[in-house]
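Notes to accompany the following structure.
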Amino acid sequence: MLAAYALAGSVASVAVGFPTITAVARHDVRLDAYGDVISTGGSHAGGLAGAATVLTAAAILGIWLSFVAHQVLSWRRATGEQRQQLKWLASGGSGCIPAWCCWPRR
14 MLAAYALAGS
24 VASVAVGFPT
34 ITAVARHDVR
44 LDAYGDVIST
54 GGSHAGGLAG
64 AATVLTAAAI
74 LGIWLSFVAH
84 QVLSWRRATG
94 EQRQQLKWLA
104 SGGSGCIPAW
114 CCWPRR
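Residue numbers for the sequence shown follow this note's numbering, so the first one is 14 and each next one is one higher.
Take a look at the structure:
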């Protein structure tokens with residue numbers, strides 16, 4: 014499972030950086046007001062990169078959901094100190110979600 018997560022993360026990283034890589038390789042770098050590279054639309058590979066990003070995001074979401082299901086099952090089987098540790102892990106993770114969602118973005 015960890016290998017699948019690492020593979021999906023690396024594919025997503027390459028797919029997100031693909032417009033920048035192709036723009037630099039073609040010596041056609043254009044920046045927007047924020048300093049991000051603007052897609053020049055010169056090739057059809059940009060659509061492929063977008064599809065790869067969506068597919069890997071779906072794979073990562075599936076892996077995250079399986080992790081949550083595994084933690085719930087572990088918590089149900091645990092007793093005593095291990096159960097308390099899993100409660101702390103769950104409370105920390107659930108506290109990070111609203112903080113991440115409410116983080117200001119440009």
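Every residue gets a Cβ at the ideal spot worked out from N, C-alpha and C, and that includes glycine.
Since we're looking at a predicted model, the values are computed, not measured.
Does DSSP put residue i in a helix, a strand or coil?
{"i": "residue 91", "result": "coil"}
{"i": "residue 115", "result": "coil"}
Specify, as a first and last residue, the run of the alpha helix (DSSP H) that residue i falls within.
{"i": "residue 32", "result": "15-38"}
Between the Cα of residue i and the Cα atoms of the options, which residue gives the shortest distance?
{"i": "residue 22", "options": "75, 47, 39, 46", "result": "75"}
{"i": "residue 31", "options": "17, 65, 94, 97", "result": "65"}
{"i": "residue 101", "options": "26, 35, 116, 84", "result": "84"}
{"i": "residue 26", "options": "78, 86, 73, 15", "result": "73"}
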